[in-house]
Structures are given as C-alpha cells and as structure tokens.
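These notes are about the structure you will find just below.
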Amino acid sequence: MENQLAYPILNYAHEDEAFALRLYEEMHNAGQSAWIDLHDVRHDEHWHQAVNRALQVCTHMLLIWSKHADTSREVESEWVYFLSQSKPIILILLDHHPVHYSLERFVSIDFTRDNGGLRRLLSHLHSAQRDPQAAVLAVEQGNAAFHSYDYAAAIKAYNRALGLDPSNALAYHSRGMAYFHLKHFDRALEDYAEAIRLDTSLAEAHYQRGYLLHLQGEHQRALASFTDALRNNPQDSNAYYYRGLTLELLGESERALEDYTHAIEHSPDNTPAYAMRGMIYYTQSRFDDALSDLSRAIFQNPGDAASHLMRGKTHHALGHEQEALRDYGQAIRLDPTQAEGFRGRGMVYSILGNYQTALEDLRQAVRLNPGDGIARLALGDTCFALGNHEQAMAEYSEAIRLMPDNANPYHNR
139 MENQLAYPIL NYAHEDEAFA LRLYEEMHNA GQSAWIDLHD VRHDEHWHQA
189 VNRALQVCTH MLLIWSKHAD TSREVESEWV YFLSQSKPII LILLDHHPVH
239 YSLERFVSID FTRDNGGLRR LLSHLHSAQR DPQAAVLAVE QGNAAFHSYD
289 YAAAIKAYNR ALGLDPSNAL AYHSRGMAYF HLKHFDRALE DYAEAIRLDT
339 SLAEAHYQRG YLLHLQGEHQ RALASFTDAL RNNPQDSNAY YYRGLTLELL
389 GESERALEDY THAIEHSPDN TPAYAMRGMI YYTQSRFDDA LSDLSRAIFQ
439 NPGDAASHLM RGKTHHALGH EQEALRDYGQ AIRLDPTQAE GFRGRGMVYS
489 ILGNYQTALE DLRQAVRLNP GDGIARLALG DTCFALGNHE QAMAEYSEAI
539 RLMPDNANPY HNR
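The structure is reproduced here in structure tokens:
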C-alpha cells in the first residue's frame with residue numbers, strides 16, 4: 139500500500155504465540171507490513187539485538203493483551219519502552235483480562251469475537267496519513283531540544299517525526315546523534331544505517347557512523363564510512379581528518395598524510411590536521427615542514443600539550459636547544475604527567491652541560507614511565523658526566539634490559 143504509514147511490532151506472551159503468528163500472516167496477506175520475532179530476526183542477529191532494533195524502527199506496537207501478557211516481564215519491558223518514547227500502542231484484546239491502568243488511554247480492538255477484528259485493526263492503522271510537512275516541524279522541534287542538550291526530549295520529537303513520515307532520513311540521522319550523546323551506541327548505529335538506507339547521499343550520516351565506529355575501534359568499517367561520506371561531500375574537512383586518523387591507525391601514514399592535507403585545504407583556519415600532519419613530517423625527518431605545521435597547530439590551540447611536545451622534539455632534532463627547552467617546558471606545564479616532556483628537556487639540559495637540572499628531569503621522566511629505555515640511557519649518560527659511575531652502570535644495565543636491541547647502552551656501559 140503506497141500510502142501506508144504504520145510499521146508495527148507485535149508484542150505478545152509466549153502462550154499467545156500461535157495467535158500472534160496468525161495475526162501477522164493475516165496482516166501480510168492484507169498488504170500490511172509488520173514485525174514479529176518468529177519471522178524477522180536476521181540470521182546475523184541475537185534475539186535481544188533484533189528486538190531492540192525493531193523497537194527503534196517500528197512506528198506502532200500491537201500489544202496482544204491477555205492474562206499471560208499481563209504477567210510477562212518481557213512483554214511489559216517492551217510496552218514500557220514504547221511509552222517512554224511516546225510511540226503509539228494498539229491493544230489487541232485476546233481475552234477479558236483487565237487492561238493495565240497505564241495502557242487504558244490507548245485504542246483497543248476486541249479480538250475475542252471471530253469477526254471484524256482484523257478489519258478494524260487495518261482501518262485504524264491506515265487512518266493516520268503521512269504528513270511530511272508536520273514531520274519536518276517535529277524534526278525542528280527535536281533539533282531545538284538537541285541543541286539545548288535535552289536528548290531524551292529530542293528523541294521523542296524525532297519519534298513523532300518518524301510517525302508522521304517514516305521515510306524521513308534526517309529524522310533517523312538526528313535521532314542517531316541523540317542516542318550517541320546518551321551513549322546508546324548500538325541504537326545510534328541502527329539509526330545511522332536506516333538514514334543511509336533511505337538516503338544514500340546523506341553524507342553526514344556516513345560521517346557520524348564512521349566517527350562512532352572509529353571510537354569503537356572498528357577501523358576498517360570506519361574507513362569505509364568516511365570514504366562514503368567524502369564521496370557524497372568531497373568538501374568535508376572533518377571526514378578527511380578522521381579518515382586520516384583511521385589510516386594512521388591502520389599503518390597507512392602516506393595516505394593519512396594526503397587526507398590531512400585535504401582537511402587543511404578545505405578548512406585552513408579550523409582543523410586539528412596541522413598537528414597530525416606535523417607529527418608525520420617529524421617521523422619522516424621533514425623537520426622544517428613539521429615545525430611549520432606544529433606552529434600553526436599551536437597558534438590554533440595554544441593549550442595542546444602534545445603539539446608543544448612535538449614542536450620541542452622538532453627543535454631538538456634541528457639543534458634549536460633554547461626553543462626546544464621552551465616547548466618542552468610548556469608541554470610539562472600543560473600536562474605534568476607527560477614523561478616524554480621531562481625526558482626531552484632533560485636531554486637538552488644535558489647537551490647544554492646543565493647536568494644537575496638534567497638529572498632532575500630525567501629522574502622525573504623515569505618515575506612517570508619506568509619502562510622508558512631512552513630516558514634510562516640518557517640518565518646513565520648524565521650520571522656518568524656527573525662522575526657517578528656506579529649509578530651510570532645501573533642505568534645502562536636497565537636500559538639494556540628495556541632495549542636489548544639498542545647498541546648504545548652496551549657501548550656506553
């Protein structure tokens with residue numbers, strides 16, 4: 139039926155399974171789609187996962203009410219959830235058992251008689267017509283609640299929108315974002331997937347799905363989603379940035395470098411890609427390029443300890459000792475738990491002959507990260523320079539234990 143609005147889930151007690159299945163089949167024969175676990179759990183889903191998906195997607199609930207349903211905790215948990223989401227429930231009365239007081243306000247259809255129940259049910263399901271314009275208004279109301287950080291209210295508004303227009307991809311996408319902020323990540327992924335199914339060109343849904351998958355460590359799937367986002371919106375600097383991060387995590391630094399460059403091209407004044415590209419340049423010994431990018435990153439975000447640390451390391455590599463000291467010092471001020479900042483500053487102090495200050499920094503580096511072999515090696519060199527040969531030997535031995543393939547501590551010992 140082209141104008142069909144409702145896509146109901148059948149909620150029933152185990153004892154009423156035969157009736158539920160018969161009702162489902164009669165509805166399908168009449169052209170009305172519905173969801174029932176006996177038929178619609180996918181082969182790759184667990185039962186609870188499938189029911190959760192259906193509770194999100196379905197617009198109505200057909201609650202088959204009986205004495206068995208009244209005592210079923212599973213049945214109750216599903217209709218209570220529908221109530222919390224302001225979704226409509228239709229009671230299918232299978233016997234004369236009293237209806238729960240919380241459900242009395244809903245439409246009920248008497249199936250205790252043999253005639254007319256299905257016709258009345260279908261008539262009720264078809265009586266509500268699509269109203270896409272009203273759905274747009276409901277989405278806007280949801281967006282207002284979303285931007286006020288009232289995500290539960292936003293979800294209820296998006297539910298109303300989907301009741302008015304189940305093909306509204308933006309409503310699914312927006313509801314997915316609200317679920318994300320409530321840390322209901324599985325529901326968010328389901329809504330992003332439905333938004334994409336309805337509108338494959340919705341770049342933001344691809345991006346949000348990729349971002350969530352990235353956070354969950356699903357890097358290959360995240361990569362595919364970011365690529366789909368960029369296929370639909372090649373100007374999206376965030377998608378380039380996060381695809382770059384994902385590529386780095388997958389060991390593809392050259393491709394990551396390209397994506398960071400694209401992110402910078404599309405958003406030169408507001409992107410964290412400078413810092414990430416600068417770090418790659420540093421690992422490639424392109425120190426001047428690294429210095430340029432890291433300076434831009436610090437200009438945009440002066441409070442980023444990692445960028446100060448990396449710029450300190452770059453100055454260190456270029457022999458700019460005073461500049462390195464300033465950046466290491468700022469990195470430490472911003473993050474006093476950053477062992478690498480103390481190590482780097484200690485090594486520079488040692489180069490400058492300020493061995494006592496170097497000793498203090500390197501000892502702090504080792505306290506923060508006892509497994510840092512480079513810091514142990516530098517600490518050994520500093521102890522040796524101060525004439526403490528016994529302590530130097532101990533530090534070299536520890537460096538060898540931590541870095542058995544590094545020749546320097548063997549040589550120095």
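Taken in order, the sequence shown gives residues 139 to 551; the numbers are from this note's numbering. Cβ coordinates follow ideal geometry from the N, Cα and C atoms, glycine included.
What are the boundary residues of the alpha helix (DSSP H) that N526 is part of?
Per DSSP, N526 belongs to no alpha helix (DSSP H) and is neither H nor E.
Could you tell me which residues DSSP puts in a beta bridge with S488?
Beta-bridge pairing links S488 to no other residue.
Which first and last residues belong to the beta strand (DSSP E) in which P270 is found?
Where P270 is concerned, there is no enclosing beta strand (DSSP E), although the alpha helix (DSSP H) it sits in stretches over 270–285.
Quick one: what does DSSP say M414 is sitting in, helix, strand or coil?
helix
I need the straight-line Cα distance from S339 to A309, nearest angstrom please.
C-alpha separation (whole angstroms): 15 Å.
At the level of alpha carbons, what is the spacing between L327 and S535?
51 Å
Roughly how many angstroms lie between the CA atoms of Q142 and G314, to the nearest whole one?
Legend: pLDDT at Q142 = 45, less than 50; position of this residue unreliable, value from coordinates given subsequently. C-alpha separation (whole angstroms): 24 Å.
So what does H198 bridge to, in DSSP terms?
P146
Going by the beta-carbon positions, is the gap between A273 and D248 smaller than 9 Å?
Against a cut-off of 9 Å, the Cβ pair of D248 and A273 comes out as no contact.
Just grab the DSSP bridge partners of S339 for me.
In the DSSP output, where bridge partners are listed per residue, S339 has none listed.
How long is the line joining the alpha carbons of A283 and N297, rounded to whole angstroms?
13 Å
Between F437, E242, I402, A360, which lies nearest to L388 when the distance is taken from Cα to Cα?
The residue among F437, E242, I402, A360 with its C-alpha nearest the C-alpha of L388 is A360.
Can you check whether the CB of M199 is closer than 9 Å to the CB of P146?
yes
What separation, rounded to the nearest whole angstrom, lies between the Cα atoms of Y380 and Y349?
7 Å
Take E153 as the anchor and find which of E164, W203, N167 has the nearest alpha-carbon.
W203
Throw me the rounded Cβ distance for the D510 and R481 pair, which I believe falls under 8 Å.
That pair is a contact at about 6 Å.
Taking just the CA atoms, how far does S391 sit from Q187?
37 Å
S391 - DSSP class collapsed to helix/strand/coil:
It is helical.
Per-residue burial, F437 [other beta carbons within 10 Å of its own, 16 or more giving buried]
exposed
Own chain residues within Cβ distance below 7 Å of G280, not counting five before or after
A292, A295, Y296, A299, S312
For A207, the nearest candidate out of I230, R464, V277, L383 (CA to CA):
With distances taken between Cα atoms, A207 lies closest to I230.
Using only the alpha-carbon positions, how far apart do D519 and A462 sit?
Pairing D519 with A462, the inter-Cα distance amounts to about 20 Å.
Segments of 3+ residues assigned as beta strand (DSSP E) that fall wholly inside the region 417–466:
Whole beta strand (DSSP E) segments, 3+ residues: zero.
I'd like to know whether the C-beta atoms of R449 and G484 end up nearer to each other than 9 Å.
no
Measure the Cβ-Cβ separation of L506 and A477 and say whether it is below 9 Å.
yes
Is it buried or exposed for H344, if we count other Cβ within 10 angstroms and need 16 for buried?
buried
Determine which residues share a DSSP beta bridge with W203 and list them.
L231
Same chain, Cβ closer than 6 Å to A394, neighbours up to 5 away in sequence not counted
G382, L385, E386
Please state whether the Cβ-Cβ distance between L241 and Q170 is less than 9 Å.
No, these two residues do not count as a Cβ contact at 9 Å.
Exposed or buried, what is P619 when buried is set at 16 or more other beta-carbons lying within 10 Å of its beta-carbon?
This structure cannot speak to residue 619, because the chain is shown only from 139 to 551.
Could you check the C-alpha separation between E140 and G255 for me, to the nearest Å?
Any answer about E140 is weak, because its pLDDT of 39 lies below 50 and its placement is not dependable; what the coordinates show is given next. Looking at the two C-alpha atoms, the distance is approximately 23 Å.
Nearest-angstrom Cα distance between H322 and A290?
When rounded, the distance between both Cα atoms is 11 Å.
Only counting the same chain, and skipping five residues up and downstream in sequence, which positions put a Cβ closer than 8 Å to that of H527?
C521
L472 and G491: beta carbons closer than 9 Å?
L472 is not a Cβ neighbour of G491, given a cutoff of 9 Å.
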